[in-house]
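Participant: For what it's worth, our numbering labels the leading residue of the sequence shown as 50, then goes sequentially. Virtual Cβ for every residue (Gly too), placed ideally from N, Cα, C.
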Amino acid sequence: MTDYMKEFEKHLDKITESVLGDEVQQEAGAELSSTQRKLANYGRILMDQAATTKDDNLSNIMAKVGNELTNFGATFGSKSLEELVKKTGASPNIIKKLLAFAEQIAQTQTDLKTDNRDGGLDDTGDDEFTSSADDEMDAMRAADAAARDAS
């Protein structure tokens with residue numbers, strides 16, 4: 050299990066871009082660290098995804114891990130991988146995979162917000178799919194169909 054612990058910590062460090070340690074173990078009532086914010090966000094994502102997951106076992110473990118992540122570093126929340134494993138019943142490898150899954154969703158949400166803010170999600174119809182090139186493609190398809198019918 051030590052190997053899983055090291056692998057989990059490396060992965061978590063990569064995701065949160067900070068080292069687990071004193072920053073996470075702040076006293077109750079203190080402001081959340083950036084690590085706690087990210088883990089809480091990932092926890093909410095996992096809980097949201099659990100509600101739409103058809104596999105009951107997967108849904109339950111996603112909800113448990115998500116709930117514990119929202120409390121990670123809090124007074125009664127998990128403060129280490131061992132505690133997270135004990136409270137959720139999930140293996141370190143499963144927790145790592147769930148964190149990676151939540152990270153992908155969080156990144157996609159961030160990308161969509163950025164695109165929308167930059168004007169990338171407009172519906173004005175001035176994109177490449179409504180250009181005159183579409184008419185040319187339709188004409189080429191019609192010509193190909195006519196050539197096949199003639200054969």
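So, for ARG93: in the same chain, excluding its five sequence neighbours on each side, which residues have a beta-carbon less than 8 Å away from its beta-carbon?
Facilitator: GLY115 and THR119
Participant: What is the C-beta distance between LEU147 and MET96, in whole angstroms, given that I count them as a contact (C-beta under 8 Å)?
Facilitator: Wrong, their Cβ atoms sit about 11 Å apart, outside the cutoff.
Participant: With DSSP as the reference, label GLY126 as helix, strand or coil.
Facilitator: coil
Participant: Could you give the first and the last residue of the continuous alpha helix (DSSP H) run that contains GLU117?
Facilitator: GLU117 -> alpha helix (DSSP H) spans 105-119.
Participant: With contact counted as at least three CB pairs below 8 Å, one residue from each stretch, are the segment 79-87 and the segment 121-133 in contact?
Facilitator: Yes, since at least three Cβ pairs between the segment 79-87 and the segment 121-133 fall closer than 8 Å, the two stretches touch.
Participant: So the alpha helix (DSSP H) SER139 belongs to, where does it begin and stop?
Facilitator: Here residue 139 turns out to be Ala, not Ser, going by the sequence shown. Counting along the chain, ALA139 falls outside any alpha helix (DSSP H), and DSSP gives it neither H nor E.
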